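*Asks:* Mapping of the sequence shown onto the working numbering: residues -2 to 586, in sequence order.
Think of the CB as a built atom: it goes at the ideal place given N, C-alpha and C, for glycine as much as any other residue.
In this text, all values refer to a predicted model and were calculated from it rather than measured experimentally.
Questions regarding the structure given below will be posed in turn.
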Amino acid sequence: MVWVVVSGDQFKAKNLIHYLFPDHETFDFIIVGGGTAGCVVANRLSEIRHWNVLVLEAGLEPPIESDIPEMEFNMYKTKYDWQYVTINDGIRHQGLQDGVVQWTRGKMLGGGSSINSMFYYRGKDQDYQTWYDERNPSWSPENVNAYFRKAENFQDMRLNKKSHVYETYGHDGPLIINTFNSTDAKLTERVLDSWEHLGMKRVPDINAAEFKGYGLCAISRANAANGTRQSTYKAYLKPAIHRRNLKVLTNAFVTKILINDNTQAYGVEVDVNGKLKIFLSTIEVIISTGTVNTPQLLMLSGIGPEEHLLSKNIPCKINLPHVGHNLQDHLAILIPIYADKPGPENKSERMFDVIKYLYNKTGYLAHSSVLNLGAFFSRYRDINYPEFQSQTIVFRPNTTTAKTYLSTFKDDVRDSILRYNSKKALYMISLYVLHPFSRGVIFLNTSNPYDHPIIDANYYGDYRDLVSSVYGVKVISKLVNTPIFKSMNAFIPRIYLPQCDNYDFLSDAYWECYAIQMTQTVFHPVGTAKMGLDPRNSVVNNFLKVHGVKKLRVIDASIMPYETSGNTNGPVVMVGEMGSDMIKAEYLS
């Protein structure tokens, strides 16, 4: 028998019994947040049969759109999205709606892994060497890679025949990694060929490749199998839901971590369908609510910068000045390129693809809207990690989906981007700055837990990020001069940006202005509960325990000291795996 509380959407498994927890029920572990990391931790801790584990998730079960790879954007600005935005400083991001950057965050079981574009990148060894060098001895590249392999179930049969790829990945873990069976294979090849013309070395697999020289490009790996998304909800939580010692409560919004006079966490206060309840923990409370919600919850619980907490009339229990600080994100700049190919979509074929997907999970719905490729490059040939990442999404002539995709831009900006799309294909080629120098901060807006926090991402707060962005954008702009793009009469349009009217088109000054006004997020924020040795400039220690608080741990992207070289979902899964083993090592030894 499995006890599971589900409010709102119901779990589909037929053997579940729905049970209302009484107030003050006690568990060994309470996991706050059933997102990317929370699902991993729930699975791994509930492997120990005598541990009772409760997962509290503010959202619901993922909708059907989450399963279908091509429909990831359909969940934006819905109840499955926290719908956060950054502050409007009146200077940056003025090409975007309301002058703010929209931070989509998954509000459902699986969290970001249930709403992202599914691409799987580990990052590079140098990323984790940097973590290790900051006196976090458990996080060496060797140890980190072991936990990646523990999570992975690599299923690309063609690539498994290449020994160096096979040996890179794990093959027995819960998380399936494969390659999209893309209907846009020819289009993908064109773009990859163009990157090669710019000097990128094409490799079979980015994760298995050593980064040397100018840059690499490759077909991307993805958390997908048989035409469906493989979130951590699907890979970790659902297979464990039958366990008698695992309980999951959705639509459960935790408002506070309970901490006694001995600075020990002993439970949580949680809003369940409008009713406040208290659940108690005997071993640990684990926060897995992500880069935005984790610092907010810590501060609401009296853990954070003392002066800021007192300004919100919150008694400070532990003065940790770095809570909410060290915010980093992979900023994203979209560059529009128009070309003669591909031509308009065949609407009858498109409709038939829907039938194909329903029948055997193939067709355009079976892969992400983003083209299945990635390019990684640096300014310097003597470093062993990339500074930039680029991905591509293509809109055929006269499509309606482009307008939806570009809805984060102001209407006149969006319309100017689309003005040639009635007759030409639009390539939106993104630049991600992977290792920004700028640091932002998350503060409480009020002491009300239901109010969104203040997110100051501070993009380009450090001028070096703007310099590197201009370099990266200029590399992308060279794609129009490659043989394939030339054959398609490709060009970059000048878009409506009054702030940039005084600059010569395509000049460094123009691109600098363009970057300041058009930069968005690629949804990879990290660092607001930084891992480190010193409580004055970090929040958790090497074992992810909150400084100064007993029986309280953080396991999610917020603990990362620095960004990784690529999409962060894979590294968050790794953090969940290692954090779970740290708990087992402490309490089972």
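What residues in its chain sit with their C-beta under 6 angstroms from that of serine 586, if we drop five residues either side in the sequence?
*Replies:* No residues qualify anywhere along the chain.
*Asks:* Could you give the first and the last residue of the continuous beta strand (DSSP E) run that contains valine 536?
*Replies:* Where valine 536 is concerned, there is no enclosing beta strand (DSSP E), given that its DSSP letter is neither H nor E.
*Asks:* Helix, strand or coil for glutamine 94? Go by DSSP, reduced to three states.
*Replies:* In this structure, glutamine 94 counts as helix in the three-state DSSP scheme.
*Asks:* Distance check for proline 66 and glutamine 7, CA to CA, integer angstroms please.
*Replies:* Residue confidence is low: glutamine 7 scores 40 on pLDDT, short of 50, so the model does not pin down where it sits. Its coordinate-derived value is still stated next. Spanning the two alpha carbons is a distance of roughly 22 angstroms.
*Asks:* In three-state terms, what does DSSP make of lysine 542?
*Replies:* The answer is strand: DSSP assigns lysine 542 an E or B state.
*Asks:* Looking only at DSSP bridge pairs, what is leucine 317 linked to?
*Replies:* DSSP output for leucine 317 lists no bridge partner at all.
*Asks:* In terms of residue numbering, what span does the beta strand (DSSP E) encompassing leucine 370 cover?
*Replies:* Where leucine 370 is concerned, the enclosing beta strand (DSSP E) stretches over 370 to 374.
*Asks:* Counting pairs of Cβ atoms below 8 angstroms between the stretch 318 to 328 and the stretch 517 to 524, do you hit three or more?
*Replies:* Result yes; three or more Cβ-Cβ pairs closer than 8 angstroms.
*Asks:* Beta carbon of methionine 39, beta carbon of glycine 32: below 8 angstroms?
*Replies:* The question names methionine, yet the displayed sequence has alanine at residue 39. It is not a contact, given that the beta carbons lie outside the stated cut-off.
*Asks:* Taking only the alpha-carbon atoms, compute the straight-line gap between arginine 533 and proline 318 and give it to the nearest angstrom.
*Replies:* So the alpha carbons of these two residues sit roughly 6 angstroms apart.
*Asks:* What beta strand (DSSP E) runs, 3 residues minimum, are completely inside the stretch 39 to 79?
*Replies:* The qualifying runs are 50 to 53.
*Asks:* Between histidine 432 and aspartate 122, what straight-line distance do the alpha-carbon atoms span, to the nearest angstrom?
*Replies:* Cα to Cα, histidine 432 sits roughly 14 angstroms from aspartate 122.
*Asks:* Please report the residue range of the beta strand (DSSP E) in which asparagine 150 lies.
*Replies:* Note, asparagine 150: beta strand (DSSP E), 149 to 151.
*Asks:* For a test of the three-state rule: what should DSSP assign to serine 278, helix, strand or coil?
*Replies:* Three-state DSSP puts serine 278 in a strand.
*Asks:* With a threshold of 16 other CB atoms inside 10 Å of the CB of glutamate 346, please say whether the residue is buried or exposed.
*Replies:* Exposed.
*Asks:* Shortest alpha-carbon distance to tyrosine 163 belongs to which of Phe250, Pro171 and Phe151?
*Replies:* Selected option, being the one with the closest Cα: Phe151.
*Asks:* Put glutamate 207 into one of helix, strand or coil per three-state DSSP.
*Replies:* Glutamate 207 falls in the coil class under three-state DSSP.
*Asks:* Between asparagine 157 and the rest of its own chain, which residues show a CB-CB distance below 6 angstroms, the 5 nearest in sequence each way excluded?
*Replies:* Taken in chain order, the residues that qualify are Tyr163.
*Asks:* Rounding to the nearest angstrom, what Cα-Cα distance links leucine 172 and aspartate 64 in this structure?
*Replies:* Rounded to whole angstroms, leucine 172 to aspartate 64 spans 15 angstroms at the Cα level.
*Asks:* Identify which residue in Leu189, Glu149, Arg46 and Leu42 has its Cα closest to the Cα of proline 480.
*Replies:* That would be Leu189, whose Cα lies nearest to the Cα of proline 480.
*Asks:* Is it true that the CB of isoleucine 311 sits closer than 8 angstroms to the CB of methionine 296?
*Replies:* Yes.
*Asks:* Looking at the secondary structure, which residues open and close the beta strand (DSSP E) in which aspartate 253 lies?
*Replies:* Before going further, note that residue 253 is lysine rather than aspartate in the sequence given. Counting along the chain, the beta strand (DSSP E) containing lysine 253 begins and ends at 249 to 256.
*Asks:* Less than 8 angstroms between the C-beta atoms of phenylalanine 374 and valine 472, yes or no?
*Replies:* Their beta carbons are under 8 angstroms apart, which means phenylalanine 374 touches valine 472 by this criterion.
*Asks:* Leaving out the 5 sequence neighbours to the left and right, which residues in its chain are closer than 7 angstroms to glycine 5 when beta-carbon positions are compared?
*Replies:* Bear in mind that a pLDDT of 37 at glycine 5, under 50, signals an unreliable position, so the number given afterwards is only what the model happens to contain. Excluding residues within five positions, the ones whose Cβ falls inside 7 angstroms are Leu57, Thr247 and Asn248.
*Asks:* For glycine 469 and isoleucine 426, I'd like the C-alpha separation in whole angstroms.
*Replies:* Cα-Cα distance, rounded: 11 angstroms.
*Asks:* Mind pulling the beta strand (DSSP E) runs of 3 or more residues that sit fully within the stretch 412 to 447?
*Replies:* Fully enclosed beta strand (DSSP E) runs of 3 or longer: 422 to 430 and 438 to 440.
*Asks:* As a quick exercise: from Ala336, Thr405 and Arg436, pick the residue whose alpha carbon is nearest that of lysine 483.
*Replies:* Considering only alpha carbons, the answer is Ala336.
*Asks:* Check the DSSP bridge columns for phenylalanine 116 and list the partner residues they point to.
*Replies:* In DSSP, phenylalanine 116 forms a bridge with Ala219.
*Asks:* Indicate the three-state DSSP secondary structure (helix, strand or coil) for isoleucine 238 in the structure shown.
*Replies:* Three-state DSSP puts isoleucine 238 in coil, outside helix and strand.
*Asks:* Just to confirm before moving on: does the CB-CB distance between isoleucine 332 and serine 366 stay below 8 angstroms?
*Replies:* Going by C-beta atoms, isoleucine 332 is not nearer than 8 angstroms to serine 366.
*Asks:* So which of Ile27, Asn564, Pro19 and Phe18 has the shortest CA-CA distance to isoleucine 552?
*Replies:* When each option's Cα is compared against that of isoleucine 552, the closest is Ile27.
*Asks:* What does a CB cutoff of less than 6 angstroms around tyrosine 166 pick up in its chain, not counting 5 residues either side in sequence?
*Replies:* Result list for tyrosine 166: Glu149 and Phe151, in chain order.
*Asks:* Three-state secondary structure (DSSP) at glutamine 261?
*Replies:* Three-state DSSP puts glutamine 261 in a strand.
*Asks:* Please report the straight-line C-alpha distance between asparagine 455 and tyrosine 356, rounded to a whole angstrom.
*Replies:* Rounded to the nearest angstrom, the two C-alpha atoms are 47 angstroms apart.
*Asks:* So isoleucine 300 and lysine 314 are supposed to be a Cβ contact under 8 angstroms. How far apart are they, rounded?
*Replies:* The Cβ separation is near 6 angstroms, so the contact holds.
*Asks:* Taking all protein chains shown into account, do 16 or more other C-beta atoms lie within 10 angstroms of the C-beta of histidine 168, making it buried, or fewer, making it exposed?
*Replies:* Exposed.
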